[in-house]
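Reviewing the structure listed below.
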Amino acid sequence: MLILFLVPAPASGQITVKAKDAGLINYVEEIYYANRTRLQAITGQPLAPFTVEVAADKVQMQKRLSQFHAPHWAGGLALPAARLILLTPPRLLNGSQSFESLFLHELTHLYVAQALGGKDCPWWLQEGIAMLAAGENSLRHAASMGQAVWRDKLYPWPEISRRGFFPDSENPSLAYAQAYYMSAFLEEKKPGSLAAVIAGLGQGLDINRALYQTLGLSLKQSEAAFKETVKKRFSWLAVSMVSSLWALVALLAAAGLVLRRKSQLRRMRAMASQENLPYFSSSLTSVRQRRINPLAEAGLRPGRNSSPPQSGFGTQ
1 MLILFLVPAP
11 ASGQITVKAK
21 DAGLINYVEE
31 IYYANRTRLQ
41 AITGQPLAPF
51 TVEVAADKVQ
61 MQKRLSQFHA
71 PHWAGGLALP
81 AARLILLTPP
91 RLLNGSQSFE
101 SLFLHELTHL
111 YVAQALGGKD
121 CPWWLQEGIA
131 MLAAGENSLR
141 HAASMGQAVW
151 RDKLYPWPEI
161 SRRGFFPDSE
171 NPSLAYAQAY
181 YMSAFLEEKK
191 PGSLAAVIAG
201 LGQGLDINRA
211 LYQTLGLSLK
221 QSEAAFKETV
231 KKRFSWLAVS
241 MVSSLWALVA
251 LLAAAGLVLR
261 RKSQLRRMRA
271 MASQENLPYF
281 SSSLTSVRQR
291 RINPLAEAGL
301 RPGRNSSPPQ
311 SGFGTQ
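Quick note on my numbering: the sequence shown kicks off at 1 and runs consecutively.
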């Protein structure tokens with residue numbers, strides 16, 4: 001979740017963490033230092049000094065969200081102008097989202113906002129980069145994407161690129177899924193393209209010109225290439241929606257979420273009886289070690305001439 005105001009001039013600095021628990025402070029710092037080089041590759045510059053606040057409980061988080069007029073359901077919030085990230089404590093997150101992923105998602109918003117320097121950026125690009133950098137599992141988005149491809153209900157790129165776009169109440173899951181796969185498509189098309197597009201936007205280009213400068217494709221041409229790619233890659237999923245294969249995919253995804261939730265609960269119980277630092281340290285898994293081709297990870301076969309991106313984006 002991102003709230004973007006005027007971005008101050010960048011300066012060299014470090015992370016400041018405010019949390020109730022010393023182990024949690026160390027954990028947040030550990031995540032940042034393990035990933036800052038990778039995230040810096042998105043913008044080509046170090047991040048200015050920033051602060052991370054981890055709420056003590058749900059009441060405190062809701063109070064902070066209301067202060068910035070943010071949705072009450074937000075698990076995290078990035079405020080580039082204030083160089084601030086607000087996070088829900090780990091114990092209050094559900095099984096589909098890890099604390100590490102949440103923090104990296106919001107942290108990426110700070111990096112991107114600083115690179116943009118206050119310039120406009122399509123909603124899908126902001127969220128897509130953040131989801132990829134956070135290592136979100138593509139199975140979370142494959143179902144919505146497969147269904148939209150099957151029904152030919154994808155958001156038009158001009159619409160999802162316009163200023164102020166936000167997923168409507170009818171199908172927000174598709175908007176996020178499409179943002180995820182649009183960003184993955186660009187990075188697969190040309191490794192480093194996401195960073196290049198962000199740089200172009202930061203120089204004052206609109207999304208059409210930034211895409212053309214990076215890929216040699218206009219917004220319309222990029223959309224056509226994306227549709228062709230996802231139709232091929234999601235064809236098996238479209239067919240499986242009316243067969244037992246779809247049920248199997250859903251079952252595997254659900255099983256993964258259940259296993260993750262059980263693992264989180266075991267770690268939370270351990271926190272209650274021993275020092276927190278060992279728990280936080282042992283739970284850290286660098287996104288750099290994860291697979292980096294979301295289109296293939298979802299069970300989709302890359303094109304013959306495609307190659308995995310090299311920029312360091314990852315998926316769980």
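Idealized CB from N, CA, C, for every residue including glycine.
All values reported here derive from a predicted model rather than from experimental measurement.
In whole angstroms, what is the alpha-carbon distance linking residue i and residue j?
i    : j    : result
V197 : L93  : 33 Å
V230 : Y181 : 9 Å
N293 : E188 : 8 Å
L154 : L24  : 40 Å
E127 : Y33  : 22 Å
R209 : P191 : 18 Å
S193 : E223 : 15 Å
A78  : I31  : 16 Å
K220 : F103 : 33 Å
Y27  : D152 : 43 Å
R64  : E228 : 43 Å
L125 : S183 : 6 Å
Whose C-beta lies closer than 7 Å to the C-beta of residue i among residues of the same chain, with five residues either side of it excluded?
i    : result
F234 : M145, G146, V149, L300
P29  : Here the sequence assigns Glu to residue 29, which means Pro is not the residue at that position. Only I15, V17 meet the Cβ criterion.
F166 : W123
Q213 : G200, L205
S273 : Note that S273 scores a pLDDT of 39, beneath 50, so its modelled location is shaky; the value from the coordinates is reported in the next line. Closer than 7 Å at Cβ, skipping near neighbours: no residue.
N171 : none
F99  : P90, L93
Helix or strand or just coil, what does DSSP make of residue i?
i    : result
Q14  : coil
F50  : strand
G76  : strand
G128 : helix
G135 : strand
L211 : helix
L65  : helix
L92  : helix
L84  : strand
P191 : coil
E170 : coil
S101 : helix
N293 : coil
R140 : helix
P318 : Given a span of 1 to 316 for the chain in the structure shown, any question on residue 318 remains unanswerable.
K227 : helix
G200 : helix
S183 : helix
K58  : helix
A177 : helix
R38  : helix
Report all residues from its chain with a CB closer than 8 Å to the CB of residue i; omit the five preceding and five following residues, and keep chain order.
i    : result
L217 : L211, A225
R269 : With a pLDDT of 49 at R269, under the threshold of 50, the predicted position of this residue should be treated as unreliable, and no value is reported.
Taking 8 Å as the CB-CB limit, is residue i close to chain D?
i    : result
K189 : In the displayed structure, chain D is absent; only one protein chain is listed.
Given residue i, which residues of its chain have a CB within under 6 Å of its CB, disregarding the five upstream and five downstream residues?
i    : result
G202 : A115, L116, G117, K119
L174 : S144, A148
P156 : none
Y176 : none
A19  : I25, V54
E159 : none
L107 : none
S161 : P122, I207
Q: Evaluate contact between the segment 48-60 and the segment 69-86, counting only Cβ atoms and requiring at least three cross-stretch pairs below 8 Å.
A: yes
Q: May I ask you to verify whether the segment 33-41 touches the segment 57-77, counting CB pairs closer than 8 Å and requiring at least 3?
A: no
**Q.** Inter-stretch contact (C-beta, 8 Å, three-pair minimum) for the segment 54-64 and the segment 127-138
**A.** no
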